Amino acid sequence: MNLILEEKKNADGVVIVSVKGFIDTSTSSAFEDVIKKLYSESATKIILDLSNAEFISSAGWGVMIAYLKKMRNGGGDIKLASMNEKVERVFKLMEFDNLIDSFKTLDEALKSYKG
811 MNLILEEKKN
821 ADGVVIVSVK
831 GFIDTSTSSA
841 FEDVIKKLYS
851 ESATKIILDL
861 SNAEFISSAG
871 WGVMIAYLKK
881 MRNGGGDIKL
891 ASMNEKVERV
901 FKLMEFDNLI
911 DSFKTLDEAL
921 KSYKG
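Note that the sequence shown covers residues 811 to 925 in the numbering used here.
Following this line, the structure appears as structure tokens:
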């Protein structure tokens, strides 16, 4: 399974990580490396654009939850945008919607950091 991660920072200091493919046990370490790097660089506003994420396993969700807690302890946050139906179903089944803010669109997620 392949995973492509692209990151870009906008003018407001929000880092958008575009996820394409699968986050599973074979790719979760690459995903963690990106999130860990952003955390070590003191990024405080991260959005994971999941519009092209095909699947996220418990390994991927575990990375998100672990770094979400670390970031919130330091005044930062991770938000999710544009989940497809399959990914969102697992997200809600695992009750992560009680932990992580998610938005239907990337624009909505970006606006949430301004308010």
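Quick reminder that beta carbons are idealized off the backbone N, C-alpha and C, glycines included. In this text the structure is predicted, and so the values were computed from the model without any measurement.
Length of the line joining the Cα atoms of residue i and residue j
i: residue 816; j: residue 886; result: 20 angstroms
i: residue 847; j: residue 895; result: 29 angstroms
i: residue 870; j: residue 857; result: 15 angstroms
i: residue 883; j: residue 849; result: 12 angstroms
i: residue 879; j: residue 873; result: 10 angstroms
i: residue 832; j: residue 924; result: 30 angstroms
i: residue 819; j: residue 898; result: 25 angstroms
i: residue 881; j: residue 826; result: 15 angstroms
i: residue 907; j: residue 901; result: 7 angstroms
i: residue 875; j: residue 912; result: 13 angstroms
i: residue 851; j: residue 821; result: 17 angstroms
Sub-8 angstroms separation of residue i and residue j beta-carbons
i: residue 813; j: residue 840; result: yes
i: residue 861; j: residue 892; result: yes
i: residue 859; j: residue 903; result: no
i: residue 843; j: residue 865; result: no
i: residue 909; j: residue 824; result: no
Residue burial classification, residue i (beta-carbon count within 10 angstroms, cutoff 16)
i: residue 837; result: buried
i: residue 863; result: buried
Residue from the options with nearest C-alpha to residue i
i: residue 845; options: 897, 922, 889, 904; result: 889
i: residue 877; options: 821, 897, 855; result: 855
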